[in-house]
Amino acid sequence: MALIIILSVFNGLEKMVTAIFNTFDPDLKITALEGKTFIPEPAKLKMLSNVNGVECYSLTLEENALLKYGERQFIATIKGVDDSYIKVSGIDSTMWEGEFILKSDNGRPYAVPGIGIADYLNLRVNFITSLVIYVPSRTSGSTINPEEAFNRRYILPSGIFQIEQSYDSKYIYVPIDFARELIDNEQGVSSIEIKFSQLADSRKVQRNVNEIFGNEFVVQNRFEQQEIFYRVMRSERLAIF
């Protein structure tokens, strides 16, 4: 009876954490084998969109940044995403306040931070003061003026998301073109995130995507993106037996 109870707890925990991962992690994620960013080839993207089982994909760009709001500062990861990201992820279902809107009708950029970031900065959607984002400039060279050593942009939040503490205190979403301008990386991406169609053969899709992008890239399914967690869960189960 005790063993059954313990295993039930493990199963419940795994299902809960998997649901959290599924909100943030895509069905497949393509990253460069070496380096933080890469420039996706248009021909490969066209081939990717034609793979049977791929419903859509999104280009993303991540970089660490300093956030400043009033007198408070916070180190976070900006995640620039394109218009397709909301179709790839379930992020719009996690909104704690406001909406997941990254651009207004006239093209004005907005940010969506996690609630951990927002709480630390004392930031809310209806506040009128802009959030300031700093990223080290790649083109400034050596300078004694700290203002010239950083790219700085101002942005207002449209919403605040809440998934899980490790995500909520790390990520802030912005439009990918805003991120590219801030990072001085006009065409680069950190990853290509893919959503499967409803009846997709996940293994076959992953194999086909691997063939398109080749050995210079890593193509991970959801399990592989969180492999450490699942290994720990598996080892804990084995330890019980």
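Note that the numbering used here has the sequence shown beginning at 38, numbered continuously upward. The beta-carbon is built from N, C-alpha and C at its ideal position, and this holds for glycine as well.
Taking the Cα positions, K116 is about 6 Å away from I209. Secondary structure of K207 (DSSP, three-state): coil. The secondary-structure analysis by DSSP pairs Q110 across a beta bridge with K105. For the pair of segments examined, the stretch 186-198 was found not to touch the stretch 249-266: the number of CB pairs separated by less than 8 Å stays below three. Between S227 and K81, the C-beta gap is not smaller than 8 Å, which leaves the two residues out of contact. Taking all protein chains in view, the Cβ of D62 is crowded by 16 or more other Cβ atoms within 10 Å, so the residue is classified as buried.
Between I200 and T131, the C-beta spacing is below 8 Å. Nearest Cα to Q202 within the set I229, D156, N163, E136: D156. Judged by DSSP secondary structure, R189 falls within the beta strand (DSSP E) whose first and last residues are 187-194. DSSP, read as helix, strand or coil, puts S130 in helix.
Cβ-Cβ distances below 7 Å link C93 to S121, K124, V125, K232 in the same chain, with the five nearest sequence neighbours on each side left out; the list follows chain order.
The C-alpha of E261 lies about 13 Å from the C-alpha of S239. With respect to the C-alpha of A148, the residue from D142, I154, I138 having the closest C-alpha is I138.
Between L219 and V172 a beta carbon distance of about 5 Å is seen, short of the 8 Å cut, so the two are scored as contacting.
Nearest C-alpha to L98 among E136, T114, N89: T114. Inter-residue distance for D221 and E248 is about 31 Å (C-alpha atoms, whole angstroms).
Of the other Cβ atoms in all chains shown, 16 or more fall within 10 Å of the Cβ of S95; this residue is therefore buried.
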